[in-house]
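In this note's numbering, the protein residues as written are 576 to 1274.
All C-beta atoms in this analysis are idealised placements derived from N, C-alpha and C, irrespective of residue type, glycine included.
For clarity, every value in this text was computed on a predicted model and none was experimentally measured.
Quick notes on the structure that follows.
So, in structure tokens, the structure goes:
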């Protein structure tokens, strides 16, 4: 078939099936707009009508319009463009109100917009006044004000954190109440201050800097009053302990004088920091005089303090008496706020590895294996902790080399050395890793899963770092496919974040400017990297995934393309993958709620994924009867969470209903709940629309 006939056939198919966006893209790409003016005009009319009436159609209009150049000029279309510009903070409401010649449907949309604009301006004004209250009158801020602010930011993670911050403002206000003032230093406990400081650090870390300064200001204000009141009766040791208890708040309290005050308290700070919090340079000298057994004991205490091993209280279940969530927050907060321990643990590890490397040549083979069995899990765990204390990639490569040469490294460290050596182009590290892996046991699926999960940054987007692993384990595709899976997930996550991050309008966009994203560059880098690895067909799935999203933008068509590709390549695991994929999108939605109180713009991203699943099922109805019920049942349960999308797939619902009825008649009772759910949706579709009430004509 000639290209011209194929294009004409596709134009007719898209026009007949109502796939108007595909039709418009095809007409423009083939420069066929003038030859098919009627189809072009009717497509725009249909899409404009849909976008005027349906929010989901408007959301898609805002996305699809960017790629199309030849557009109509009628008033309804102009209204949609202006509304899109208003959402993106590029046009004003006055321009929208000046439009003339709108159809009744468009007039109704503009009327709804006018109501929204009035409410939005009122909400922005309320938010501005409330934030000014936090700044100008911090002493009067109570929990109620935080709840009001959370209500305005309703429905996202920031709202939740603001609300939880408000739960602790009574603790800050109690520091200066009459009873506490009369008791002086006995009116509060430093442990309570430390707990408050840790929780504030944890809860505020995800807030934009501008909002963080505002909502923490009442806490800082109350602490400042406490400091001014206690200063005359405070010794240097008490001051040192006070400063130590609030490492997060202290720079906000002291401002530019933070370093000066710390320097004056330094002798007392060192005294109270004795033991494991000592100065790193001092510890370096002390380690030289310690035996290996003493160093191992010190490392065990450091790791116990970090929480890598359970305490006796945890082993005996004492944690049941406490708020588990708050304990987890405090533990994480201690790790975040403590820079010294990472440096200290790194120093102790280096010293221990140096001592062990002197002993390993004389150890018998059995003891060498036991050394690897004990030390490698510790090193794998601690490496993630100490990496933050390293100064650049050079120190990381050097430390890995020390581990590989110490006799403590096993298969996992060998794999990491091989990957890191390729990533940082360090031939010495690469050779050491190859030599170690030649002597170590063959990697298991868990070993490679650990490497793929924990060290993504070493091969995404720079996939060429995988070349040594691709060569060495060419006959073990099940291992290499773990990396391919993560490459696809990382690309999709970036595209989701980009799509969600570009939907923030109005006043909040200015306040939370840090959430605006540029178009991700990593997918393009990955394409070039994969081109350099053209000889390795195990990476084809990643290439096909990128090919489904050629413009680095999520679309229903792209999802459908990927589903077809995946089903052809791995039909046996396809349906469980689709279920996991929908659940993963749901989890991403919960983590990426938009920062405004209207309907979630992320919902449009998720809906496209759901629509793609339904379209795939519709196109592959012949396959559905062979899908096991334990795979199809949970998937349908997940899809039934989106009845507004399912109702547009009437034919598919009828087919599924018949399929499950056949299985039910055959004695498969597990299908009964699904039959009932589908029947309810079909019955709701069969109900006639309510007629508008008749009005009596005036005589």
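- Collapsing the DSSP output to three states places residue 1021 in a helix.
- The alpha-carbon of residue 1130 is positioned some 9 angstroms away from that of residue 639.
- A distance of 7 angstroms or more separates the beta carbons of residue 926 and residue 994.
- Our two residues, residue 663 and residue 862, have alpha carbons roughly 59 angstroms apart in a direct line.
- Annotation: the continuous alpha helix (DSSP H) that includes residue 1140 extends over 1131-1144.
- The closest CA to that of residue 1252, considering only 1046, 1016, 655 and 1221, is found on 1221.
- Judged by beta-carbon spacing, residue 1102 lies beyond the 7 angstroms limit of residue 1057, meaning their Cβ atoms are not closer than that value.
- Taking 7 angstroms as the cut-off, the beta carbon of residue 827 is found closer than this to the beta carbon of residue 795.
- With 16 or more other CB atoms across the displayed protein chains lying within 10 angstroms of its CB, residue 793 is buried.
- Assignment of residue 674 by DSSP, reduced to helix, strand and coil, places it in the coil class.
- DSSP places residue 1050 in the coil class of the three-state scheme, outside both helix and strand.
- Cβ contact annotation for residue 1124 (same chain, cutoff 7 angstroms, sequence separation greater than five): 1070 and 1133, in chain order.
- When the Cα atoms are used, residue 1046 and residue 770 turn out to be separated by approximately 51 angstroms.
- Closest in C-alpha terms to residue 916, from the list 716, 1140, 959 and 935, comes 959.
- In the structure shown, the three-state DSSP call for residue 712 is coil.
- Using a Cβ-Cβ distance cut-off of 8 angstroms, the segment 943-952 and the segment 981-988 are in contact, since at least three pairs of beta carbons, one from each stretch, lie closer than that value.
- Boundaries of the alpha helix (DSSP H) around residue 959: 940-961.
- Just so you know, the alpha carbons of residue 1135 and residue 820 end up roughly 55 angstroms apart.
- Here residue 1147 carries a helix assignment [DSSP, helix/strand/coil].
- Within its own chain, the residues whose Cβ lies closer than 7 angstroms to the Cβ of residue 778, once the five positions on either side in sequence are excluded, are 736, 739 and 740, listed in chain order.
- Residue 1224 sits in coil when the DSSP states are folded into three classes, being neither helix nor strand.
- Within the model, the alpha-carbon separation for residue 973 versus residue 1004 is close to 8 angstroms.
- Rounded to the nearest angstrom, the Cβ distance from residue 1199 to residue 1234 is 6 angstroms, consistent with a contact under 8 angstroms.
- Taking C-beta atoms as the reference points, residue 1113 and residue 1055 count as a pair closer than 7 angstroms.
- Annotation for residue 767: 746 place their beta carbon closer than 8 angstroms to its own, counting only its chain and skipping 5 residues before and after.
- Scanning 1000, 1009, 931 and 918 for the CA closest to the CA of residue 964 turns up 918.
- Per DSSP, residue 1195 is not a residue of any alpha helix (DSSP H), being assigned neither H nor E.
- Residue 716 sits buried, since 16 or more C-beta atoms from the chains shown fall within 10 Å of its C-beta.
- Rounded to the nearest angstrom, the Cβ distance from residue 1098 to residue 1119 is 14 angstroms, too far for a contact under 8 angstroms.
- In the DSSP assignment, residue 611 falls outside any alpha helix (DSSP H), carrying neither H nor E.
- Contact between the segment 643-656 and the segment 699-719 is absent, with fewer than three C-beta pairs closer than 8 angstroms.
- Of the candidates 1139, 999, 1184 and 630, 1184 places its Cα closest to the Cα of residue 1158.
- The beta carbon of residue 961 lies closer than 6 angstroms to those of 917, 920 and 921 in the same chain, with the five residues before and after it left out.
- In this structure, the alpha-carbon of residue 649 lies about 11 angstroms from that of residue 681.
- Judged by DSSP in its simplified three-state form, residue 965 adopts coil rather than helix or strand.
- Taking residue 1050 as the centre and dropping the five residues before and after it, the same chain places no C-beta closer than 8 angstroms to its C-beta.
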